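Peer 1:
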Amino acid sequence: MSKDSKGVIFNIQKFSLHDGPGIRTIVFFKGCHMSCLWCSNPESQDVTPQIMFNKNLCTRCGRCEAECENSAIDMNSSYRINKNKCIKCTKCVEACLNGALVLEGKECSVEKIIEELKKDSVHYRRSKGGITLSGGEVLLQPDFAVELLKECKSYGWHTAIETAMHVDSEAVKKVIPYVDLAMIDIKSMNNEIHKKFTGVNNDTILNNIKLSDEFAKEIIIRVPVIEGVNADFKSIRDISEFSKSLTKLKRIDLLPYHNYGESKYEAIGKEYLLSDLKSPSEDKMEKLKSLVESMGIPCTIGAQ
-6 MSKDSKGVIF NIQKFSLHDG PGIRTIVFFK GCHMSCLWCS NPESQDVTPQ IMFNKNLCTR
54 CGRCEAECEN SAIDMNSSYR INKNKCIKCT KCVEACLNGA LVLEGKECSV EKIIEELKKD
114 SVHYRRSKGG ITLSGGEVLL QPDFAVELLK ECKSYGWHTA IETAMHVDSE AVKKVIPYVD
174 LAMIDIKSMN NEIHKKFTGV NNDTILNNIK LSDEFAKEII IRVPVIEGVN ADFKSIRDIS
234 EFSKSLTKLK RIDLLPYHNY GESKYEAIGK EYLLSDLKSP SEDKMEKLKS LVESMGIPCT
294 IGAQ
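Okay, so the sequence shown: first residue is -6 according to my numbering, each after it adds one.
(1) Could you name each continuous beta strand (DSSP E) segment of 3 residues or more that falls completely within the stretch 138 to 184, going from the start of the chain to the end?
(2) Answer with buried or exposed for Pro170, where buried requires no fewer than 16 other C-beta atoms within 10 angstroms of its C-beta.
(3) At a cut of 8 angstroms, does the stretch 18 to 32 reach the stretch 49 to 59 through at least three beta carbon pairs?
(4) Counting only the same chain and skipping the five closest in sequence on each side, list residues whose C-beta sits under 8 angstroms from that of Lys(-1).
(5) Per DSSP, what kind of secondary structure is Leu281 in: helix, strand or coil?
(6) Please check the pair Arg17 and Gly149, which I expect to be a contact at CB under 8 angstroms, by giving their CB distance rounded to whole angstroms.
(7) Looking at Val20 and Ile106, is the spacing between their C-beta atoms short of 9 angstroms?
(8) I think Asn195 touches His187, with their Cβ atoms under 8 angstroms apart; what is that distance to the nearest whole Å?
(9) Quick check: Arg215 and Ile179, are their CB atoms within less than 9 angstroms of each other?
(10) Report yes or no: do three or more beta-carbon pairs, one from the stretch 233 to 245 and one from the stretch 257 to 264, lie closer than 8 angstroms?
(11) Just list the residues that DSSP pairs Lys246 with in beta bridges.
(12) If you compare alpha carbons, which of Thr41, Leu126, Leu110 is closest to Leu96?
(13) For the putative contact between Ala164 and Ser205, defined by C-beta atoms under 8 angstroms, what is the C-beta separation to the nearest angstrom?
(14) Measure the CB-CB distance between His159 and Cys25 and report whether it falls below 9 angstroms.
(15) List the whole-angstrom C-beta distance separating Thr156 from Leu141, where the pair is believed to meet the contact cut-off of C-beta under 8 angstroms.
(16) Going by C-alpha to C-alpha distance, which of Asp39, Cys89, Gln43 sits closest to Cys61?
(17) Are there 16 or more other CB atoms within 10 angstroms of the CB of Thr52, so buried, or fewer, so exposed?
(18) Leu96 bridges to which residues according to DSSP?
(19) Taking DSSP's pairing of strands, which residues face Val1 in a bridge?
(20) How is Leu10 classed by DSSP in three states: helix, strand or coil?
(21) Confirm the yes/no value for this check: CB of His251, any heavy atom of the ligand HEM, distance under 8 angstroms.
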């Protein structure tokens, strides 16, 4: 692998203050084996590029329908695209004058991404910030992630990843040594609940978190706090007990549920199943934070 190696990403977000220390740039990797019902980036789950439709930008001009040779455009559909007919030729995207149809995801080389990251290197240096690889699931593209992280380290940039760890253990061994900070999600210690709301068991995840503790420099455990899933004392206590065993643990971040990504579900033709779910109250979040701290673990509400 080299700077010419390529991976699939779907966004590069600049000037982030909540995904690691200092000012950071986040590179979002595409592809995830999990399907968390609250996922704020549902377009990240499919590793292949996909077309998103913003109905608020559509003027129903019909250019997309006219350009599609597979009759995959349905002007009466809220998503606009018939997935069974679409071959992702992107002619509809090219024809759309208003940006209502957008191709999410593209193959990029390490070299191209580094050139983009260099533009903000002064901010990394002055703020003690750096680069965060997020997703999707970074560890599903381990070779590409390693080459990108190596280049970032060659410039002296702080490196971090955000991961759910539902991957092969070899990916953990490959990537974690090149990371200064690993921000790892734990949704639930209860396997049944975990599978119900994420689509997968938590065995692999918990084993990989233990494995990452052998290679990591620093770990932050992040817990999306969701009513009906883990927004109770037992769930948070169980997560804290597990996290306390990690020798590289810096703190636990409790992240109150939000529905900021809800509009994206319609944009990719999926149903959002948690529309009626409310965020935990501030009082509950403070009590859960106090519980974590009572166990001797530093804790914050929200990402820092």
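Beta carbons: idealized from backbone N, C-alpha and C, even for Gly.
Just so it is clear, the structure is predicted and the values come from calculations on it, not from any experiment.
Peer 2: Concretely, from the data shown:
(1) Taken in chain order, the complete beta strand (DSSP E) segments of 3 or more residues contained in the stretch 138 to 184 are 151 to 156, 174 to 178.
(2) Pro170 counts as exposed, since fewer than 16 other C-beta atoms from the protein chains shown sit within 10 angstroms of its C-beta.
(3) As far as the Cβ criterion goes, the stretch 18 to 32 does not touch the stretch 49 to 59, which means the pair count is below three.
(4) So the qualifying residues of the chain are Glu100, Cys101, Ser102, Val103, Phe137.
(5) Leu281 falls in the helix class under three-state DSSP.
(6) Not a contact, Cβ separation roughly 14 angstroms.
(7) Yes.
(8) Right, the Cβ-Cβ distance comes to about 4 angstroms (below 8 angstroms), so this counts as a contact.
(9) If you check the CB distance, Arg215 and Ile179 come in under 9 angstroms.
(10) Between the stretch 233 to 245 and the stretch 257 to 264 there are fewer than three C-beta pairs closer than 8 angstroms, too few to call the two in contact.
(11) The sequence shown places Asp at residue 246, not Lys. Asp246 pairs with Arg215, Thr293.
(12) Looking from the CA of Leu96, the closest CA among Thr41, Leu126, Leu110 belongs to Thr41.
(13) In this structure, Ala164 and Ser205 do not form a Cβ contact; the two beta carbons are roughly 10 angstroms apart against a cut-off of 8 angstroms.
(14) With contacts defined by Cβ atoms closer than 9 angstroms, His159 and Cys25 form a contacting pair.
(15) So it is not a contact: roughly 14 angstroms between Cβ atoms.
(16) With respect to the C-alpha of Cys61, the residue from Asp39, Cys89, Gln43 having the closest C-alpha is Cys89.
(17) Classification for Thr52: exposed.
(18) Leu96 is bridged to Ile44.
(19) Glu100, per the DSSP bridge assignment.
(20) The three-state reading of DSSP puts Leu10 in coil, since its state is none of H, G, I, E or B.
(21) Ligands are entirely absent from the displayed structure, and the ligand HEM is therefore not among its contents.
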